[in-house]
Amino acid sequence: MHRGETDHFHPYDVSSGGGHGHNQKGTTQWQVPHRSDHDHAAHDHPHEHEPDLDLVEKAFVEGFQAASDPTSFLRLAGIPFEATLADGTELKLLRVAQERRVDIGSLAPHLGGQTFRYDPLPAQMVSKRDHLVFVYFDGTKTRQYAFEDARALGAR
59 MHRGETDHFH PYDVSSGGGH GHNQKGTTQW QVPHRSDHDH AAHDHPHEHE
109 PDLDLVEKAF VEGFQAASDP TSFLRLAGIP FEATLADGTE LKLLRVAQER
159 RVDIGSLAPH LGGQTFRYDP LPAQMVSKRD HLVFVYFDGT KTRQYAFEDA
209 RALGAR
């Protein structure tokens, strides 16, 4: 970075990069406000997260809406119609539901993490996302799985 006339010198000031595109580190996203641990069904299986999953899911939603044969589209995407969990529970796919989520506010933790600050988002920062929920029946009740989790059921 360039120092101006009003900047004072710190002899031990170590910069992480040269600025202007030199030695830049990748950005780190430490939170995703629209993804919470409660969005997914119980995580009884570890799986690798696909890079750009949000873009993959968005393309899937668009394609699923336009598909003349939704059943074949699900097969192409690797969504299983039947699956068996690690504990032996058998799942049967009942329906695919589309949800639209609109984020209209954000939370930021205060120092110490016990309280939070709420800020409504300005109109240009409001985000809208469509995603699909895969509803399976386990023999006694229905279970909802997000796109990534439903695809992972087929890897068993």
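The sequence shown runs 59 to 214 under the working numbering.
All residues carry an ideal CB built from backbone N, CA and C; glycine is no exception.
Because the structure is a prediction, the values reported are computed rather than measured.
- Per DSSP, reduced to three states, the secondary structure at residue 180 is coil, with no helix or strand assignment.
- For residue 116, the enclosing alpha helix (DSSP H) covers residues 111-124.
- Taken atom to atom, the span from the alpha-carbon of residue 176 to that of residue 160 is near 16 Å.
- Following the DSSP letters along the chain, one finds residue 128 inside the alpha helix (DSSP H) bounded by residues 128-135.
- Residue burial annotation: residue 149 is buried, with at least 16 other C-beta atoms found within 10 angstroms of its C-beta.
- Annotation: residue 123 to residue 141 spans about 24 Å, alpha carbon to alpha carbon.
- In this structure, residue 200 sits near residue 193, with a CB-CB distance shorter than 8 Å.
- At a Cβ-Cβ threshold of 8 Å, residue 131 and residue 146 do not count as neighbours.
- The distance from the Cβ of residue 188 to that of residue 114 is about 13 Å, inconsistent with a contact at the 8 Å cut-off.
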